[in-house]
Structures are given as C-alpha cells and as structure tokens.
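I have placed the structure first, in the form of structure tokens, so that the comments after it can refer back to it.
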Amino acid sequence: METETRHQWWTAGVDGGEERHRVVLLDEHGERVRGRWVTNRVDAIEEVLGELLIELPAGARLRVVSEASRSLGGVLAQVVIRLGLELWQVNPKALARYREVEGQPRKDDDRDAWLIGRMCVGGMAGCRKVLDVRPEERVLSRLSRLHHQLQLKRTAALSQLRARQLDLAPEALAKDWEGPAFGSKGTLAVLTRWPAWVGLESVRVATIERLLQASTRRGGRCRTMAEALKAAAQRVAMGTTERAVVAIEMRVLVQEIRALDASLAEVTTELQHAVDAHPIGRKLMTMAAVGYLTAAVVLGEILPVARNVSEGKAATYAGLTPLSRSSGKLKGRSRLARGVNKHALRALYLSALAAIRCSALDAAYYHKQHARHAGHPKTHVVAILALARQRFKVLYKLLTTDAVYDKEILIASHLDRERKAADRYQRAA
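Taking our numbering, the leading residue of the sequence shown gets 20, the next gets one more, and so forth.
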C-alpha cells in the first residue's frame with residue numbers, strides 16, 4: 020500500500036555573530052539533530068545549508084530562523100532568500116524572555132540557536148516570517164531609514180552647537196535677535212570663518228555683510244544682521260583660553276553639520292530617483308501631502324506587507340490601529356503593540372499632519388475627529404491618528420490595486436456620506 024507523502028518542516032536555528040554563526044538543526048518535533056559552526060561568508064553559508072538540505076528526510080522542507088535579517092544576519096538572509104528557503108526572524112526581547120523561562124543562566128551560542136529554532140517550531144509570539152522583499156523596495160527602505168538617521172544626527176549636532184552658543188552669547192538665540200537665525204546658512208557661514216566669533220569684533224561690517232549676502236541672499240537685511248553680529252561679538256565676556264576651546268568645538272560641529280547636509284542632499288536625490296522609477300511611486304505622489312520621503316517609506320516598509328495581508332492587518336503593522344501591550348492591572352503609559360513598524364508610523368503621522376494644511380477634505384475629517392474626541396488628554400494626536408488611518412485606506416488601494424488617486428471621487432463620496440448622516444439625524448429627530 021502506497022503511503023501519502025506530506026511536507027514536514029525541519030528548522031535551522033541560527034545564533035548570529037560577526038565572524039561566525041552557530042547553526043542547530045531541529046526535526047519536525049523540535050528535537051535537536053545536530054549543530055555546527057559556519058563562517059559568516061556567502062560560500063560557507065551556502066555549503067552548510069546544502070549539507071542540511073541533503074540530510075532532510077523525504078518530504079521534509081527546511082526553514083531558517085535567525086535573530087536579524089540585517090547587520091549580523093544580513094549575509095545569511097541574502098543566501099537563504101536566494102536559495103528559495105523560508106526565512107523567519109525572532110525578536111531579541113522575546114528570545115531573552117524565553118531564555119529566562121528555560122532557566123538559561125547566561126548566554127550560550129549553541130543553546131540560543133536551539134531556543135531560536137524551538138520558538139519557530141512552537142509558533143511562539145515574537146517569531147515571524149520574513150517577507151520576500153523585492154530589491155527596489157529594499158533600496159527604498161534603506162534610503163528612507165538612512166535619511167532619518169542623518170536627520171537625527173544633524174538635530175543632535177545642532178543642539179550641541181546651540182548649547183555652545185548659549186555659553187558664548189545667549190542673545191543670538193533670543194526672539195528679538197536681529198542677526199541671522201540660529202542654524203541658518205548665514206550663521207553657519209559666520210561660524211565657519213569665525214568660530215566662537217573669535218576676531219569678529221574687529222572685522223568691518225561690510226566684510227560681514229558680503230559674507231552674509233553670499234550665503235543667505237537676504238539683500239538689504241544683511242547690513243542689519245552684520246551690525247548685530249559685530250555688536251554681539253564685542254560684548255562676549257568669555258575668557259580667551261576657554262573661548263579657544265569653544266571655537267574648536269564649534270568648528271567641529273559646523274563641519275559635521277555641513278557634511279550631514281551634503282549627505283542628506285545626496286540621499287534625497289537617490290530617493291527621488293528610486294521613487295520616480297517605481298510605478299506605484301508615481302501614483303502615491305498624486306495624493307495630497309505625500310512627498311518623496313513618505314512615498315519611499317510606504318513603498319519600502321508597507322508595500323511588502325500589504326501584498327500578503329489584509330488592509331486591517333497592514334494598518335496594525337503601520338501602528339494606526341488602537342492596539343497596545345497594556346493589559347490587566349498594568350499602570351502607566353500604553354505602548355505600541357509588538358510588530359509595529361515605527362518608521363511607517365512616523366511617516367504616515369507626519370503626512371496626515373501636513374494634509375490638514377493642504378487638503379480641505381482631510382482638514383474637514385480632522386476637525387470632525389477633533390470634535391468627536393473632545394475631552395481626551397491628547398485630542399490633537401488622536402484626531403491626527405484617525406486621519407492617518409482614514410488616509411491609509413486610500414494608500415492600501417493604491418498599493419494593492421490598479422486604482423489611481425482621484426480627489427473628485429473622494430470629495431463626492433465624502434459629501435454623500437455627510438448627506439446620508441444628515442438625513443438619518445433628521446429622521447431620528
């Protein structure tokens with residue numbers, strides 16, 4: 020009698036490292052079969068995975084589970100996807116909790132690899148399948164995240180420069196300051212030539228004016244700004260030795276800000292080209308308050324998920340549904356549900372915030388939600404999230420169907436809903 024064959028999943032748990040990985044093979048029941056080390060190199064990983072595939076019994080399939088699909092697990096993920104195997108990822112925090120449950124007193128590479136595989140076999144929370152992201156989407160994801168990292172670094176450098184300016188001359192940060200605004204091109208040009216304003220007090224006003232005109236293009240206002248700068252430099256009371264140290268700090272910070280500005284311009288250009296080359300990217304750009312950065316985040320972070328799950332689950336992944344980790348008698352601030360993509364949430368929130376100013380339809384929906392949640396401690400935030408959730412329905416349609424953005428259809432639909440709501444109110448009265 021011929022027996023029916025069925026697929027059985029064997030699991031390879033991988034504990035990643037910079038130089039080498041520990042791989043532990045588990046059978047369909049989660050029992051350990053064997054373990055071995057593998058160098059973090061493409062050919063070595065291919066060889067080990069090939070050996071594991073040969074060891075599988077008839078009808079069995081192999082899936083690989085790791086802590087990360089980037090950084091330590093980047094090369095591993097590329098090889099696994101290229102070989103057509105399933106790739107799963109374990110949340111490091113979930114692994115740490117499971118390690119405590121298992122009574123593991125300290126980190127052990129071999130046991131961690133076994134625990135990672137066991138989490139996948141048992142279908143535990145914190146273990147998810149890595150979606151097959153297309154190359155152009157991976158590029159957009161990297162570019163948008165790099166753009167955000169550069170912005171954070173620039174903000175940090177600007178904050179440090181502001182602190183040094185407070186030590187030097189706080190009046191340059193006042194609201195009634197007539198000189199160039201802090202952080203502007205004029206301020207950076209002045210600090211580049213005269214760090215900590217050393218020597219600025221003895222320079223002619225016309226020299227400062229020419230520098231400001233070349234950097235700010237403010238015309239007649241440059242004379243007033245130059246006079247304010249020279250007068251403030253003459254009132255600096257900091258000692259010579261300390262001022263020399265502050266000058267070094269300011270020079271370093273200004274150079275860092277200029278380098279970050281150049282990097283941001285380069286990343287922005289690449290990001291724009293990538294969005295323009297994507298067919299869905301051109302559709303997204305027609306929607307109100309969706310620029311190149313928002314489109315890049317949507318394509319790189321949300322599109323791979325939207326192809327595989329429903330609109331509601333995709334919205335949960337983007338952090339737009341009211342799911343939190345608070346439960347029972349837990350007190351304090353609620354946190355986002357596990358599995359939320361914070362990059363997508365930030366982009367969609369900022370896009371909804373901008374839509375209030377550039378779209379009458381979005382502004383009307385925002386004011387409606389603001390009135391609905393009156394009395395809430397953070398009415399504005401709740402209303403913005405509600406607007407972002409409403410806009411996500413349109414974005415999901417654009418991502419998953421051949422539909423195009425048509426503002427007239429949306430306005431007609433909005434007016435029709437308002438008319439029906441008014442009719443129901445009159446009948447009830």
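Ideal placement from N, C-alpha and C gives every residue a C-beta, glycine not left out.
| Since G262 and A215 are thought to touch, with beta carbons under 8 angstroms apart, how far apart are those beta carbons, to the nearest angstrom? | Residue identity differs from the one stated: residue 262 is Arg in this sequence, not Gly. The Cβ separation is near 5 angstroms, so the contact holds.
| field | Element boundaries [beta strand (DSSP E), containing L45] | value | R39 to L45
| query | With distances taken from CA atoms, which of M138, E320 and S432 is nearest V109? | reply | M138
| Should the segment 147-157 be called in touch with the segment 219-230, which here means at least 3 C-beta pairs below 8 angstroms? | They do not touch, by the three-pair rule.
| field | From V98, D127, R101 and E37, residue whose alpha carbon lies closest to that of T43 | value | Rather than Thr, the amino acid found at residue 43 in this sequence is Val. When each option's Cα is compared against that of V43, the closest is D127.
| said: Taking a contact to mean a Cβ-Cβ separation below 7 angstroms, would you say L165 touches V286 in this structure? | reply: The answer is yes: Cβ separation under 7 angstroms.
| said: Using a Cβ-Cβ cutoff of less than 6 angstroms, which residues in the same chain neighbour T235 once the five nearest sequence positions on both sides are dropped? | reply: The answer, listed in chain order, is K204 and G205.
| field | Where E427 sits in the DSSP three-state scheme | value | helix
| field | Nonlocal neighbours in the same chain, by C-beta distance under 8 angstroms from L68, ignoring five residues either side | value | A31, L81, V83, V98, V99, L102 and L104
| message | To the nearest angstrom, how far is the alpha carbon of H48 from that of W133? | response | 13 angstroms
| message | With distance defined between alpha-carbon atoms, name the residue in R60, R161, V224 and A256 nearest to R242. | response | Closest option to R242, Cα to Cα, is V224.
| request: Ignore the nearest five residues each way along the sequence and tell me which others in E38's own chain have a CB closer than 8 angstroms to its CB. | output: Taken in chain order, the residues that qualify are T58 and N59.
| Which of helix, strand or coil does DSSP assign to S449? | There is simply no residue 449 to check, as the chain begins at 20 and stops at 448 in what is shown.
| request: Kindly indicate which three-state DSSP category E437 falls into: helix, strand or coil? | output: helix
| query | How should P199 be labelled, buried or exposed, when 16 other C-beta atoms within 10 angstroms of its C-beta is the threshold for buried? | reply | buried
| task | Out of E320, L434 and V413, state which residue places its alpha-carbon closest to the alpha-carbon of D425. | result | V413
| message | For G54 and L75, what's the separation of their Cα atoms in angstroms? | response | 14 angstroms
| Would K249 be called buried (16 or more neighbouring beta carbons within 10 Å of its own) or exposed? | buried
| request: Mind the definition here: the segment 310-327 touches the segment 364-375 only if three or more C-beta pairs lie below 8 angstroms; say whether that holds. | output: By the Cβ criterion, the segment 310-327 is in contact with the segment 364-375, since at least three pairs of Cβ atoms, one from each stretch, lie closer than 8 angstroms.
| query | DSSP on K194, reduced to helix/strand/coil? | reply | Of the three classes helix, strand and coil, the one that applies to K194 here is coil, per DSSP.
| request: Please state if the CB of I430 and the CB of A363 are separated by a distance shorter than 7 angstroms. | output: no
| field | Supposed contact pair L417 and Q388 - C-beta distance, whole angstroms, cut 8 angstroms | value | Q388 to L417, Cβ: 22 angstroms. No contact.
| query | Between the beta-carbon of G202 and the beta-carbon of L177, is there less than 7 angstroms? | reply | yes
| field | T340, enclosing beta strand (DSSP E) - first and last residue | value | Where T340 is concerned, there is no enclosing beta strand (DSSP E), given that its DSSP letter is neither H nor E.
| task | Return the first residue and the last residue of the alpha helix (DSSP H) that R51 is part of. | result | Per DSSP, R51 belongs to no alpha helix (DSSP H); it is in the beta strand (DSSP E), R51 to T58.
| said: Please classify H297 as buried or exposed, where buried requires at least 16 neighbouring CB atoms within 10 angstroms. | reply: buried
| query | Do G35 and G92 come within 7 angstroms of each other at the CB atom, strictly closer than that value? | reply | yes
| task | Using alpha carbons as the reference points, say which of T419, R125 and I403 lies closest to P323. | result | T419
| message | Could you check whether L339 and E162 sit closer than 7 angstroms to each other, using their CB atoms as the reference points? | response | At residue 162 the sequence reads Leu, which differs from the Glu that was named. Against a cut-off of 7 angstroms, the Cβ pair of L339 and L162 comes out as no contact.
| query | When you compare only the Cα positions, how much space is there between G331 and Y415? | reply | 10 angstroms
| task | May I ask you to verify whether the segment 299-311 touches the segment 392-403, counting CB pairs closer than 8 angstroms and requiring at least 3? | result | no
| said: Can you check which of these residues, A208, R147 and S88, is closest to I276 by C-alpha distance? | reply: Distances from the alpha-carbon of I276 to those of A208, R147 and S88 put A208 closest.
| said: Taking DSSP's pairing of strands, which residues face E220 in a bridge? | reply: In DSSP, E220 forms no bridge with anything.
| task | Given a cut-off of 7 angstroms, decide if Q409 and Y384 are closer than it, judged by their beta-carbon atoms. | result | yes
| task | Provide the residue span of the alpha helix (DSSP H) that contains K412, from first to last. | result | T398 to T419
| Identify the residues that DSSP records as bridge partners of W213: which are they? | Note: W213 sits in no beta bridge, so no partner.
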